[in-house]
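The sequence shown lines up with residues 1 to 340 when you count with UniProt numbering. Just so it is clear, CB atoms sit at the ideal spot from N, CA and C, and this is done for glycine as well. In this text, all values refer to a predicted model and were calculated from it rather than measured experimentally. See below for the structure under consideration.
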Amino acid sequence: MSTLQKGDPLPWLAPLCAHTGAPFRIEAAGGRFSFFCFPRLQGQTTTADDSTLINAVRTLSAQTDGVTHLLFVVLPGGNDTLNAELRALGDAVRILLDDDLALHHAFGVSEKRSDSLWFVANPRLKLLYAQSFPDDMVGARTMVELARYLPPDLAHYNRQTPPPALLMESVIEPSLCQELIETHLLGDRYASPAQTEIGGQAAHDHDNTRKSRTDSEIPERLRNLVIKRLAARVAPELKRAYQFDMHGIERLVVACYDAATGGRFDPHRDNTLTHTRDRKFAISINLNDEYEGGYIGFPEYTGTLYRPPATGAIAFSCSLMHVVTPITKGRRFALLLFLT
Numbered sequence: 001m002s003t004l005q006k007g008d009p010l011p012w013l014a015p016l017c018a019h020t021g022a023p024f025r026i027e028a029a030g031g032r033f034s035f036f037c038f039p040r041l042q043g044q045t046t047t048a049d050d051s052t053l054i055n056a057v058r059t060l061s062a063q064t065d066g067v068t069h070l071l072f073v074v075l076p077g078g079n080d081t082l083n084a085e086l087r088a089l090g091d092a093v094r095i096l097l098d099d100d101l102a103l104h105h106a107f108g109v110s111e112k113r114s115d116s117l118w119f120v121a122n123p124r125l126k127l128l129y130a131q132s133f134p135d136d137m138v139g140a141r142t143m144v145e146l147a148r149y150l151p152p153d154l155a156h157y158n159r160q161t162p163p164p165a166l167l168m169e170s171v172i173e174p175s176l177c178q179e180l181i182e183t184h185l186l187g188d189r190y191a192s193p194a195q196t197e198i199g200g201q202a203a204h205d206h207d208n209t210r211k212s213r214t215d216s217e218i219p220e221r222l223r224n225l226v227i228k229r230l231a232a233r234v235a236p237e238l239k240r241a242y243q244f245d246m247h248g249i250e251r252l253v254v255a256c257y258d259a260a261t262g263g264r265f266d267p268h269r270d271n272t273l274t275h276t277r278d279r280k281f282a283i284s285i286n287l288n289d290e291y292e293g294g295y296i297g298f299p300e301y302t303g304t305l306y307r308p309p310a311t312g313a314i315a316f317s318c319s320l321m322h323v324v325t326p327i328t329k330g331r332r333f334a335l336l337l338f339l340t
């Protein structure tokens, strides 16, 4: 049986996903209920009982929509035939290929098991349930019953746990907000890619269905003004709320989310990559009010959406999963930065 117990956090590893051929970061499952199946193996081999597993996964996949509930099947090695049949079940099922057994070991699961192990995690990636079964189908049927008792409304489930975010008013003056907006409109703007990693190296993901935003750098004079305001008005608040001392700033850009181009940023974290690990806090300072949508939310916590007023800011740990909801009208301008 697993060494993980109820209440323990899931390991934030990144096994290979058979669907995409790229690593899947377990932390990306945050904000949803997650089912993990470590299927029963045949004898002392690392081969799953294909037909039983496929039927079991098909049974449970009807309860996992890929939006509020996810299903992961963890295999200790690749199996092209099995992978193809599981992939055919749709996006609600993801096959994780744990070739180095790191995920098995982190969950406390033996690669020579003769039983089927199932785990369920809550939207904050903490273990709710762990159980072994004689075969995959018995486990799947039990998970189907369990899934019926999980609330479909994640906002309702999380309502008692607000995110540890800090809202601040009057961080910069209206005239500086306007000057930053004008600098963006008149300056060199560029499509802001999502950051990712390929082979351990920093890379850019230009998929604008996940992130649609334009950024621009700000001139030294305005940068110095902003830093002075941060030191005077943000640093003391962070010290009081989090006992955090501001040491450095990474990136300082004016960003624009535009309804005309589907402005948005889907759920993500800001410090999970090798080149972003030094980031401690994200700061978003709103520069205008003339837009609709564009709220900041935290899927692992309450369903509350946040929108600081123009000149105001929101600060939060870079480890928190967060989202910028689609802009539905107008343009949202914001000053974005990370503190180290």
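ask   = Which of the three DSSP states, helix, strand or coil, is assigned to Lys6?
value = coil
request  = Would you identify the three-state DSSP class for Ile95, choosing helix, strand or coil?
outcome  = strand
ask   = Which residue from Pro164, Ser34, Arg40, Asp135 puts its Cα closest to that of residue 341?
value = Summary: the structure shown does not reach residue 341, with the chain confined to residues 1 through 340, and so no result is reported for it.
Cβ shell of Gly297 (< 6 Å), same chain only, five flanking positions each side left out = Leu305, Val323
inquiry  = Rounding to the nearest angstrom, what Cα-Cα distance links Asp100 and His19 in this structure?
reply    = 18 Å
Where Asp136 sits in the DSSP three-state scheme = helix
task = Check whether the Cβ atoms of Pro163 and Tyr301 lie closer than 8 Å to each other.
result = yes
query = Taking Cβ to Cβ, would you say Cys177 is nearer than 8 Å to Leu287?
reply = yes
inquiry  = Please report the straight-line C-alpha distance between Thr325 and Ala334, rounded to a whole angstrom.
reply    = 14 Å
inquiry  = With a threshold of 8 Å on Cβ separation, who are the neighbours of Lys329 within its own chain once the five nearest residues in sequence on each side are excluded?
reply    = Ala259, Tyr291, Glu292, Gly293
request  = Just confirm the distance between the C-beta atoms of Asp278 and Thr340, as a whole number of angstroms; I'd bet it's less than 8 Å.
outcome  = 5 Å
request  = Report the three-state DSSP secondary structure of Cys318 (helix, strand or coil).
outcome  = coil
query = Roughly how many whole angstroms lie between the Cα atoms of Thr274 and Glu250?
reply = 15 Å
request  = Kindly identify the DSSP beta-bridge partner or partners of Met168.
outcome  = Ala313
message = DSSP has Phe36 in a bridge; who is on the other side?
response = Phe72, Phe119
Environment of Thr45 [buried if 16+ CB atoms lie within 10 Å] = Residue placement at Thr45 is flagged as unreliable, the pLDDT there being 48, under the threshold of 50; the coordinate-derived value follows with that caveat. So Thr45 counts as exposed.
inquiry  = Going by DSSP in three states, Ser216 sits in which element: helix, strand or coil?
reply    = strand
Straight-line Cα distance separating Met143 from Trp118 = 8 Å
Same chain, Cβ closer than 8 Å to Val67, neighbours up to 5 away in sequence not counted = Arg32
query = Val253: which of Gly139, Arg213, Lys280 sits nearest, CA to CA?
reply = Arg213
Start-to-end residues for the alpha helix (DSSP H) that takes in Thr52 = 50 to 61
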